[in-house]
Amino acid sequence: MRSDDPLDAVTGAFSYTGASIADELIRRGRRVRTLTDHPQRAPATGTPVDVRRLHFEDGAELRQSLAGVDTLYNTYWVRFTRGSTTFDTAVDNSRRLFDAAADAGVRRIVHVSITHPDTASPYPYFRGKAVVEDQLAGTGISHAIARPAFLFGRDGVLINNVAWMLRHLPVVAVGDGGGYWVRGIHVDDLARLCADLGEQDTDLTVDAVGPDRMTFRTLLEHVRDAVAPKTPIVSVPGWALPTLTTAIGVLLRDRLLTTDEYKAMAAGLADSQASTNGQTRFTEWVTANAESLGRHYTNDTRRHFNPAPPASPANDGK
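Be aware that the sequence shown starts at 860, since it is given in the numbering used here, and climbs by one per residue.
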């Protein structure tokens, strides 16, 4: 990679979505800089990614970190509140990041959002995402917004932990029959979409969706049939499901499913009828990865709030 190749910035290039985007950009011959809260996640053996700390409170440092950047790929957000980390702080931090990008002369921003953001939403996650989209539009920077509902592939948490529960619990519950529709996209398909959007100049917003649209119960059944065919899936009242997942989460010291996450999914907010822009079929991916899915539980709270150091001969990261 040459020093005169175009430079892009990715928030969280050692995390999940950001890692896939960074890999895709490098494959396309771009230089990549990451702004990250977790620089210790950088591979111990070295990385082609230029690492900068993500200091939202320091506007000057943010501007310096974004100097010379052509396109900023923003994956920053929070899944749930914890301590001083709230959706309101995530909104404020996003505004600081966009303002710094504007001041630094960034040409374009590609922002990863969520399907069905709405400033009037009863769910703070979706409400905050809508506010951030409005903030981005207000910067005047050329931008694109990709809206996935849920992601799978690589070392993703959601489907792996669903598979883990199907492997280890005597029965798995689904709220109100699980007849609500969902539509995901493979994280690498999302990365390719984002990189394509970064190469354009037009302001646009697209749902990021794969070819498989199914009910959540059907999704569970596909995973169950692949990893633990004998595990029963039973319906429980919708109000009871978050209580059950909270109890399991206490034992695992994690947040499996929040009440708002369940209600939003049951309300159809994890669905989209947009044209397909992902190639990977969920059903085929589950079958191909059945042997490895759910072998180990992935603690999402620990991953984001107490991340492990990178693998090394003295610490293999397992």
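Beta carbons are placed, not taken as given, at the ideal position from N, Cα and C, and that holds for glycine.
Three-state secondary structure (DSSP) of residue i
| i | result |
| --- | --- |
| Ser1171 | Because Ser1171 sits at a pLDDT of 34, beneath the cut-off of 50, its placement in the model cannot be relied upon, and the point is left open. |
| Lys1177 | With a pLDDT of only 27 at Lys1177, under 50, the local geometry of the prediction cannot be trusted, and no value is derived from it. |
| Ser953 | helix |
| Val991 | helix |
| Ile880 | helix |
| His1027 | helix |
| Thr870 | strand |
| Asp958 | helix |
| His897 | coil |
| Asp909 | strand |
| Arg1161 | helix |
| Arg1051 | helix |
| Ala1126 | coil |
| His914 | coil |
| His1081 | helix |
| Ser924 | helix |
| Trp1144 | helix |
| Tyr1156 | coil |
| Pro983 | helix |
| Gly1057 | helix |
| Ala1087 | coil |
C-beta atoms of residue i and residue j nearer than 8 Å
| i | j | result |
| --- | --- | --- |
| Leu1025 | Val1086 | yes |
| Phe937 | Ala1008 | In the sequence under discussion, the amino acid at residue 937 is Val, which differs from the Phe named in the question. Not a contact, by the Cβ cut-off of 8 Å. |
| Lys1122 | Tyr984 | no |
| Ile968 | Ala979 | no |
| Thr1118 | Phe939 | no |
| Ala996 | Glu883 | no |
| Tyr932 | Asn952 | no |
| Asp1062 | Ser1131 | no |
| Val991 | Val928 | no |
| Tyr875 | Arg1006 | no |
| Leu956 | Ala1003 | no |
| Val908 | Ala963 | no |
| Val1031 | Thr1090 | yes |
| Asp1071 | Thr1142 | yes |
| Ala989 | Gly1153 | no |
| Ala1050 | Ile885 | no |
| Ala1126 | Gly1097 | no |
| Ile1018 | Val1082 | yes |
| Asp864 | Gly888 | yes |
| Phe1011 | Trp1144 | yes |
| Asp993 | Arg986 | no |
| Arg941 | Phe1164 | yes |
Sheet register partners of residue i (DSSP bridge)
| i | result |
| --- | --- |
| Asp1119 | BP columns for Asp1119 are empty, so no partner. |
| Ile968 | Leu931, His1002 |
| Trp1040 | Thr1074 |
| Ser1094 | Val1033 |
| Arg941 | Thr944 |
| Ala1067 | Pro1007 |
| Arg890 | Leu866 |
| His1045 | Phe1011 |
- Quick one: any contact between the stretch 1070 to 1082 and the stretch 1102 to 1114, if contact means 3 or more CB pairs under 8 Å? no
- Decide if the stretch 1153 to 1165 is in contact with the stretch 1113 to 1123; the criterion is three or more beta carbon pairs, one per stretch, under 8 Å apart. yes
- Are the stretch 878 to 897 and the stretch 915 to 932 touching, with three or more C-beta to C-beta distances below 8 Å? yes
- Task: Would you be able to state if there are at least three C-beta pairs under 8 Å between the stretch 998 to 1018 and the stretch 963 to 977?
- Result: yes
- Message: Between the stretch 905 to 919 and the stretch 1043 to 1062, can you find at least three pairs of beta-carbon atoms closer than 8 Å?
- Response: no
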